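First to last, the protein sequences are chains X and W.
Per the numbering used here, residue 1 is the first one in the first sequence, and the count goes up by one each step.
Per the numbering used here, residue 115 is the first one in the second sequence, and the count goes up by one each step.
We put the beta carbon where it would ideally sit given N, CA and C, even for glycine.
Computed from a predicted model, the values in this text were never measured in an experiment.
Below is one structure, written out as structure tokens; the observations come after it.
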Amino acid sequence: GAGVSQSPRYKVAKRGQDVALRCDPISGHVSLFWYQQALGQGPEFLTYFQNEAQLDKSGLPSDRFFAERPEGSVSTLKIQRTQQEDSAVYLCASSQRRLGGEQFFGPGTRLTVL
Amino acid sequence: SQQGEEDPQALSIQEGENATMNCSYKTSINNLQWYRQNSGRGLVHLILIRSNEREKHSGRLRVTLDTSKKSSSLLITASRAADTASYFCATDPSGSRLTFGEGTQLTVNP
Numbered sequence: 001g002a003g004v005s006q007s008p009r010y011k012v013a014k015r016g017q018d019v020a021l022r023c024d025p026i027s028g029h030v031s032l033f034w035y036q037q038a039l040g041q042g043p044e045f046l047t048y049f050q051n052e053a054q055l056d057k058s059g060l061p062s063d064r065f066f067a068e069r070p071e072g073s074v075s076t077l078k079i080q081r082t083q084q085e086d087s088a089v090y091l092c093a094s095s096q097r098r099l100g101g102e103q104f105f106g107p108g109t110r111l112t113v114l
Numbered sequence: 115s116q117q118g119e120e121d122p123q124a125l126s127i128q129e130g131e132n133a134t135m136n137c138s139y140k141t142s143i144n145n146l147q148w149y150r151q152n153s154g155r156g157l158v159h160l161i162l163i164r165s166n167e168r169e170k171h172s173g174r175l176r177v178t179l180d181t182s183k184k185s186s187s188l189l190i191t192a193s194r195a196a197d198t199a200s201y202f203c204a205t206d207p208s209g210s211r212l213t214f215g216e217g218t219q220l221t222v223n224p
């Protein structure tokens, strides 16, 4: 594919439901990032993978948030027992470099928790 | 928490005018990047300026960086209606993750 893809594009969940958000990075990109963007705000970092290793998860807001990238390509962000404050756009980005450089973003998944 | 602050928060201009957006940040950086986000879409990378550079150009874009003041500016010349978007600066103090400002909403009126 030409760019980063994410699915689903939109997700509506009832409070307490578990959700799983998928990210397909650009083929061959080493680094993968998840960001959370609240309405009217800039994106905030959640977690970072280098290949299959999760090197930084300091931005995950609670232990209800879990991310994985088992084979170093596709990544899944899972949110357990969703709360209304989890409503946001979740952005995935990939980069061909291990450190620094341009990040290529997907279109995001808009999560609405009712 | 946000590392940077963009100024102004919102800017409305006429087509053909220049638009200038400013960004301030708090910690030392390796580089500073500017991104654009159209309504309902992901972020698109515009330009990257390294900490040892002072000015960079790309098409109608001009970016300056003043590390002593911890600030950067993005100038868009001869603006077009299609430039209407939110613009974010982002820094990478740790070398990997990006820390974004809150963005400037630019509206270019035809």
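Exercise. Given a cut-off of 9 Å, decide if Q151(W) and A204(W) are closer than it, judged by their beta-carbon atoms.
Key: Not closer than 9 Å, so no.
Quiz item: Going by beta carbon distance, what residues of the same chain come within less than 8 Å of H29(X), once the five residues before and after it are set aside?
Solution: Sequence-distant Cβ neighbours of H29(X) in its own chain, meaning closer than 8 Å and more than five residues away, are S94, S95, Q96 and F104.
Quiz item: Quick one, which of R155(W), W148(W), S210(W) and V222(W) has its alpha-carbon nearest I163(W)'s?
Solution: Closest option to I163(W), judged by alpha-carbon separation, among R155(W), W148(W), S210(W) and V222(W): W148(W).
Quiz item: Can you list, in chain order, the residues of its chain whose CB lies under 8 Å from that of I127(W), leaving out five sequence neighbours each side?
Solution: Excluding positions up to five away in sequence, the list reads A133, S193, L220, T221, V222 and N223.
Exercise. Check distances from the C-beta atoms of the region 141 to 163 of chain W to those of chain X and list, in chain order, the residues that come in under 9 Å.
Key: Under the 9 Å Cβ criterion, the region 141 to 163 of chain W contributes N144, N145, Q147, Y149, Q151, G154, R155, G156, L157, V158, H159 and L162.
Quiz item: CA-CA distance, P115(X) and L46(X)?
Solution: Outside the shown range of chain X, which is 1 to 114, sits residue 115(X), and nothing can be said about it.
Quiz item: For E102(X) and chain W, any beta-carbon pair shorter than 9 Å?
Solution: Chain W contact via Cβ: present.
Quiz item: Do you know whose CA, among S208(W), T191(W), D206(W) and S185(W), lies nearest D121(W)'s CA?
Solution: Comparing Cα-Cα distances from D121(W) to each of S208(W), T191(W), D206(W) and S185(W), the minimum goes to S185(W).
Quiz prompt | Within chain W, the residues that F45(X) reaches when beta carbons sit closer than 8 Å | solution = Residues of chain W with a Cβ closer than 8 Å to the Cβ of F45(X) are, in chain order, R211, L212 and T213.
Quiz item: Measuring CB to CB, does G106(X) end up less than 9 Å from Q37(X)?
Solution: For G106(X) and Q37(X), no; Cβs fall outside 9 Å.
Quiz prompt | Backbone secondary structure at A67(X) - three-state DSSP | solution = In this structure, A67(X) counts as strand in the three-state DSSP scheme.
Exercise. Please list the segments of the beta strand (DSSP E) lying wholly inside the region 160 to 186 of chain W, counting only runs of 3 or more residues, in order along the chain.
Key: The region 160 to 186 of chain W contains these whole beta strand (DSSP E) runs: 169 to 172 and 175 to 180.
Practice problem: Following the continuous beta strand (DSSP E) through I143(W), name the residue where it begins and the one where it ends. | Solution: No beta strand (DSSP E) holds I143(W); DSSP gives it neither H nor E.
Exercise. State the beta-bridge partners of S173(X) as determined by DSSP.
Key: Missing from the structure shown is residue 173(X); chain X here goes from 1 to 114 and no further.
Quiz item: Using 8 Å as the Cβ pair cut-off and three pairs as the minimum, do the region 5 to 13 of chain X and the region 58 to 78 of chain X touch?
Solution: As far as the Cβ criterion goes, the region 5 to 13 of chain X does not touch the region 58 to 78 of chain X, which means the pair count is below three.
Practice problem: Determine, using beta carbons only, whether A204(W) comes closer than 9 Å to chain X. | Solution: When Cβ-Cβ separations below 9 Å define contact, A204(W) makes contact with chain X.
Quiz item: Alpha carbon to alpha carbon, what distance is there between L160(W) and G173(W)?
Solution: Those two C-alpha atoms are separated by around 10 Å.
Practice problem: Going by DSSP, name the residue or residues bridged to A204(W). | Solution: Paired residues: Q147(W) and F214(W).
Quiz item: Closest Cβ-Cβ distance between G106(X) and chain W: below 9 Å?
Solution: So, interface residue.
Quiz prompt | Where T213(W) falls, given that 16 or more other Cβ within 10 Å makes a residue buried | solution = Per the 10 Å Cβ criterion, buried.
Quiz item: Count the other CB atoms within 10 Å of the CB of A53(X); is the residue buried (16 or more) or exposed (fewer)?
Solution: That one is exposed.
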